[in-house]
Amino acid sequence: MADFEIITKKGERMIVLYPGCPAEQAAKLRGHYKIALVPEALSETGPWALTAGSFISYGPGRRNHISVSSISADKIMAAVERELPVLGGGVIERQEVELGNAGDAAPEQLLASLGRDLLSGALS
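Heads up, the sequence shown is in the numbering used here, so the first residue is 1416 and it goes up one at a time.
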């Protein structure tokens, strides 16, 4: 998987930085985005060359916008901790989302995919 992805919808852009994206690479990314979805490990790094209307963080910690609320043997529950903007218009309300069995996937990767899908409007 790539370290980052740029999604465009209705003339608005979102950048998703995936887990493992090197801080040095993230710091060099340029452009203006409506939304920047960044992993917890990068959320406090900087300075950033890119700008965004909303920087949204994800990770296991509760201070993130999208976090893990619980993990059991058969499922991971994610929490959207506050109202978030959606690419192309609208908002995502606070909620919990069941991610199912993670298998070999790291929770951070699942949160990145969930955030990408929610914020791009692919999930409603």
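Heads up, the beta-carbon is just placed ideally off N, CA and C, and yes, glycines get one too.
Check, Outcome
"Could you please give the first and the last residue of the uninterrupted alpha helix (DSSP H) stretch that includes G1530?", "P1522 to S1535"
"Could you check how far apart the C-beta atoms of L1452 and R1509 are, in whole angstroms? I think they sit under 8 angstroms.", "Between R1509 and L1452 the Cβ distance is about 17 angstroms, and since that is not below 8 angstroms, they are no contact."
"Answer yes or no: do V1501 and L1534 have a C-beta to C-beta separation smaller than 8 angstroms?", "yes"
"For L1499, name the three-state secondary structure that DSSP assigns.", "strand"
"How many Å lie between C1489 and G1518 at the Cα?", "The amino acid occupying residue 1489 in the given sequence is Asp; Cys does not appear at that position. D1489 and G1518: Cα-Cα distance of roughly 9 angstroms."
"Output needed for A1467: all residues of its chain with C-beta closer than 8 angstroms, excluding positions within five of it in sequence on either side, in chain order.", "I1430, H1447, Y1448, K1449, I1450 and A1451"
"Please check the pair I1481 and Y1473, which I expect to be a contact at CB under 8 angstroms, by giving their CB distance rounded to whole angstroms.", "4 angstroms"
"Spatial neighbours of W1463 within its chain, please: CB distance less than 6 angstroms, with the 5 preceding and 5 following residues excluded, ordered by chain position.", "none"
"Tell me the start and end of each unbroken beta strand (DSSP E) in the region 1431 to 1499 that is at least 3 residues and wholly inside, in chain order.", "1446 to 1454, 1465 to 1474, 1481 to 1486 and 1491 to 1495"
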